[in-house]
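In the working numbering, the protein residues as written are 98 to 338.
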């Protein structure tokens, strides 16, 4: 978690984008592994291609984040090698089922949320390079979300069981840990910080709740996922104001 409480808005933004550079690198590693796993299980070829492209996109995003850190006056650093991406999912699933769970978590949930957050941030951007970078990343994140929905649709058509619904609360909890409860939420220069790529906690919570309720849950239900547990979790953790 990034501690930005005592920093100026630009210093805080530099720290946040530094953290995001690492997150993008981790996403690149995950999509690289997912592309291999999707190919191995004979997923539809467009999805495999999209996963390979997503891995390249995320690596490029990491480089863009590093450039933003420099632009904002942050300390120079090297990205280093991409970390290993561990498989995620509940125990007891078959390999193909675990892969479906992970693709839904990564693309249908995380990338859809990322696109929603970036859309709001682009509208508020006050720095030209910050705006340009977020617009570029946003275009890619939309495609990364489509990857997940395309794979879920194909697996549903194939007759795959609902492996997401029973563990949807855990999937959501893993998604929100950084986006909703990061320390920059209470920064004293929150308004300026929002123009440099970081929304305050209340805004992130609102966007998360709306994105899950209005986009992710309906999409999952369309392909046979029981979202009841996820809806209950969301209502308990983030009740409507």
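Don't be surprised by glycine CBs; every beta carbon is placed ideally from N, CA and C. Source: prediction; values computed, not measured.
Is the Cβ-Cβ distance between residue 209 and residue 173 less than 8 Å? no
Spatial neighbours of residue 194 within its chain, please: C-beta separation below 6 Å, excluding the five flanking residues on both sides. 260
Would the segment 103–121 and the segment 285–298 be scored as touching if the rule is three or more Cβ pairs under 8 Å? yes
Of all the options 318, 145, 198, 105, which has the alpha carbon lying nearest to the alpha carbon of residue 421? Since the first and last residues shown for the chain are 98 and 338, residue 421 lies out of range.
Assuming residue 147 contacts residue 240 (C-beta within less than 8 Å), just tell me the rounded distance between them. 7 Å
Can you look up residue 146 in the DSSP assignment and give me helix, strand or coil? helix
Sequence-distant residues of the same chain with beta carbon closer than 7 Å to residue 107, five excluded per side: 169, 170, 293
Applying the 10 Å Cβ sphere with the 16-neighbour rule, what's the burial state of residue 134? buried
Looking only at its own chain, which residues have a Cβ that is under 7 Å from the Cβ of residue 126, when we skip the five neighbours before and after it? 179, 180, 181, 182
Roughly how many whole angstroms lie between the Cα atoms of residue 281 and residue 156? Confidence at residue 281 is low in this model, with a pLDDT of 49, below 50, so the placement of that residue is unreliable and no value is reported for it.
Assuming residue 144 contacts residue 251 under a Cβ cut-off of 8 Å, what Cβ separation, rounded to an integer in Å, is found between them? 7 Å
Nearest-angstrom Cα separation, counted from residue 320 out to residue 222: 36 Å
Could you pull out every unbroken alpha helix (DSSP H) segment of at least 4 residues lying fully inside the segment 267–333, listed in chain order? 287–291, 298–308, 314–319
Using CA atoms only, rank isn't needed, just tell me which of 244, 245, 327, 246 is closest to residue 264. 327
Please state whether the Cβ-Cβ distance between residue 322 and residue 206 is less than 8 Å. no
Output needed for residue 289: all residues of its chain with C-beta closer than 7 Å, excluding positions within five of it in sequence on either side, in chain order. 106
Going straight from the alpha carbon of residue 188 to that of residue 272, what length do you get? 19 Å
With DSSP run on the structure shown, which of helix, strand or coil describes residue 207? helix
Counting only runs that start and end within the segment 173–202, where is the alpha helix (DSSP H) found for 4 or more residues in a row? 192–200
Please return the same chain residues whose Cβ sits closer than 6 Å to the Cβ of residue 158, not counting the five positions on each side in sequence. 121, 234
Applying the 10 Å Cβ sphere with the 16-neighbour rule, what's the burial state of residue 255? exposed
How would you write the range of the alpha helix (DSSP H) that residue 133 sits in, first residue to last? 106–137
Rounded to the nearest angstrom, what separates residue 220 and residue 231 at their Cα positions? 10 Å
Where does residue 337 land, buried or exposed, given buried means 16+ other C-beta within 10 angstroms? exposed
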